[in-house]
Each structure stands twice: as structure tokens, then as C-alpha cells.
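Comments concern the structure below.
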Amino acid sequence: EPGPGLESNDAQSKLRVLVANDEPVTLQILNSIFKTKLRVKEENLQLAYDGMEAVALAKQSHFDIIVMDLNMPNLSGGEATLQIREFYRSKAEHPAANEEPSRRPYIVALTASQITRELERECKEDEFDDWFSSPLDPDTIQRE
Numbered sequence: 001e002p003g004p005g006l007e008s009n010d011a012q013s014k015l016r017v018l019v020a021n022d023e024p025v026t027l028q029i030l031n032s033i034f035k036t037k038l039r040v041k042e043e044n045l046q047l048a049y050d051g052m053e054a055v056a057l058a059k060q061s062h063f064d065i066i067v068m069d070l071n072m073p074n075l076s077g078g079e080a081t082l083q084i085r086e087f088y089r090s091k092a093e094h095p096a097a098n099e100e101p102s103r104r105p106y107i108v109a110l111t112a113s114q115i116t117r118e119l120e121r122e123c124k125e126d127e128f129d130d131w132f133s134s135p136l137d138p139d140t141i142q143r144e
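By the working numbering, the letter at position 32 of the sequence shown is numbered 32, and the numbering carries on one by one without gaps.
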């Protein structure tokens, strides 16, 4: 049992996070950053290996933050994000009788490319909340 001021009162430890990336090494690095630097509990952290898996997981349970690689097989990060946004819009318009409305997740694009104006425009069109290039600095995530 953590003492006062430790994990028990830490909002970050309660965050539910989904990380979608098709590169196993990058996925493990992000997993480690969220668990160690940001103190997200293991049971609140899910990993997806492509866009289709990310969409399926996002439809099954609510996530506060989704970190989405832009270039993934089967379904790109942009397409996956648009599908997740549409799912949340549909849920908001037609809520189940006993269901509490859930906040839309904060979705961050992650790319190995340099961030250009063109890439920023694409991220906005795909309804990302923010975007970063990798390698990702843990302090940047914490500030955001």
C-alpha cells in the first residue's frame, strides 16, 4: 500500500493508455516509458500491433490517451483515429440506456518522420489531438 502522496493519489497512475505501433522495439520502449516514467499501472496499459487492433481495443474499453503510430500495416494510424473518433461520435449520439457517456480519448500521433506543415495538416485532418516524432522524450509526454 503506497504512502500518502505516492501512487494512490497520483492521477497519472489511473490513466488508461493504449499504445499502437507495429515496431516491437518501439512498442516496448513506449510501454516502459508509460510504466516507469509516467507510473501508468500495467493493467491500465494496452498494446496494439496495428491500426485494426487499436480500433478493436478502443471499441472494447475506454482509454484516456491513445498513442498511435502513423504508419502501420492493415490500417494506418490516421485511418484508425478517424474510426475511433466516429465510434465516439456515434456513442454520444446514441448512448445505451445504462451507459455513462465517456470522454473522447486524447489521441497522439507518433511518427519516425520529421514533423512538417504537411504532416501537421494531415494530423489535423485525421483528428489527432497532438503529434510527436520519435524517438519520444518522456518529459514531453509528461508535460502534455
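For every residue, glycine included, the Cβ atom is placed at its ideal position computed from N, Cα and C.
- It is roughly 15 angstroms from the alpha-carbon of M72 to the alpha-carbon of Q83.
- Pairing L18 with R104, the inter-Cα distance amounts to about 13 angstroms.
- One thing to note: M68 has its Cβ within 8 angstroms of the Cβ of L110.
- Shown here, A80 sits in a helix according to DSSP, grouped into three states.
- For the 8 angstroms CB-CB criterion, A80 and V55 form a contact.
- Taking the Cα positions, D50 is about 24 angstroms away from T36.
- Assignment of beta-bridge partners to V108 by DSSP yields V67, D130.
- Here DSSP, grouped into helix, strand and coil, assigns V25 to helix.
- Cβ-Cβ separation between S90 and A112: approximately 32 angstroms, too far for a contact (criterion under 8 angstroms).
- Taking all protein chains in view, the Cβ of A92 is surrounded by fewer than 16 other Cβ atoms within 10 Å, so the residue is classified as exposed.
- Each of L38, V40, L45 was checked against the Cα of A20, and the nearest Cα belongs to L45.
- In this structure F87 is not in contact with V108, their Cβ atoms being roughly 18 angstroms apart against a cut-off of 8 angstroms.
- Taking all protein chains shown into account, E120 has fewer than 16 neighbouring C-beta atoms within 10 Å of its C-beta and is therefore exposed.
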